[in-house]
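In full-length UniProt numbering, the protein residues as written are 1 to 220.
Structure representation (structure tokens):
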């Protein structure tokens, strides 16, 4: 899942992921978007792009249809409601690589958001499904680059055994420390990412202080 506020570059990140798969793997890729922002031309992959309200009535209708078309990769532009999230989980559980977006600001809040749309009686089952099918959560914000332009600042949480257990056991609050100490596996907190950008001179201290919520009393 790629998450962040509106205008944080989620669609650009997802398009880059699809482009990477298209250049390096032989896959059937199906995207469901509202609207289509990046047009992909088939390279090594067969790519079908569907636009909500033009090619299909809704994300959930397109997702139901997609599961009958044997795609390897499914991109769901927005995980808007319980049925769409449920279908995306089912698709992931049955072996499809699923990409989706949410308007959440951190990996932990993303897990909470997914679980919270379900009724109380279903939450434990959904936690179990999510713990098994989750691959990663990337939360991102765009910061003003020194000298002009913008650069993405990321929090990256990869679903290692520790994270899977925390999802299953509803211990979301402990995820931050796992991300913080998971650099060797490719994880990083938003603060660690911001610090890297600062050290490279890409962004200013004022911009980081304005845009990045600081946890654990860190100072930039």
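Backbone N, C-alpha and C define an ideal beta-carbon position, used for all residues, glycine too.
Collapsed DSSP secondary structure at residue i in the structure displayed
i	result
residue 187	coil
residue 38	coil
residue 59	helix
residue 157	strand
residue 47	strand
residue 28	strand
residue 166	helix
residue 115	helix
residue 217	Because the pLDDT at residue 217 is just 47, under 50, the model does not fix this residue reliably, and the value given afterwards should be weighed accordingly. In this structure, residue 217 counts as coil in the three-state DSSP scheme.
residue 12	helix
residue 69	coil
residue 19	helix
residue 3	strand
Rounded straight-line distance, which links the Cα of residue j to that of residue i
i	j	result
residue 56	residue 198	44 Å
residue 166	residue 86	20 Å
residue 216	residue 186	In this predicted model, residue 216 has a pLDDT of only 45, less than 50, meaning its place in the structure is not dependable; the value taken from the coordinates is given anyway. If you take the alpha carbons of residue 216 and residue 186, they lie about 21 Å apart.
residue 60	residue 104	20 Å
residue 27	residue 139	26 Å
Classification of residue i by the beta-carbon crowding that lies within 10 angstroms, buried from 16 upward
i	result
residue 11	buried
residue 41	exposed
residue 155	buried
residue 71	buried
residue 193	buried
residue 200	exposed
residue 68	exposed
residue 183	exposed
residue 133	buried
residue 66	buried
residue 203	buried
residue 110	buried
residue 100	buried
residue 92	buried
residue 125	exposed
residue 53	exposed
residue 135	exposed
residue 128	exposed
residue 173	exposed
residue 96	buried
residue 8	buried
Beta-carbon gap between residue i and residue j smaller than 8 Å
i	j	result
residue 98	residue 3	no
residue 143	residue 205	no
residue 179	residue 107	yes
residue 188	residue 141	no
residue 102	residue 84	no
residue 18	residue 75	yes
residue 77	residue 32	yes
residue 170	residue 117	no
residue 73	residue 29	yes
First through last residue of the beta strand (DSSP E) which encompasses residue i
i	result
residue 140	136-144
residue 101	97-102
residue 73	73-76
Within-8 Å CB hit, residue i to chain B
i	result
residue 192	Absent from the structure is chain B; it holds one protein chain and no more.
For residue i, the first and last residue of its enclosing alpha helix (DSSP H)
i	result
residue 172	Taken as a continuous stretch (DSSP letters only), residue 172 belongs to no alpha helix (DSSP H), as it is neither H nor E.
residue 212	Per DSSP, residue 212 belongs to no alpha helix (DSSP H) and is neither H nor E.
residue 79	Neither: residue 79 is in no alpha helix (DSSP H) and is coded neither H nor E.
residue 131	123-133
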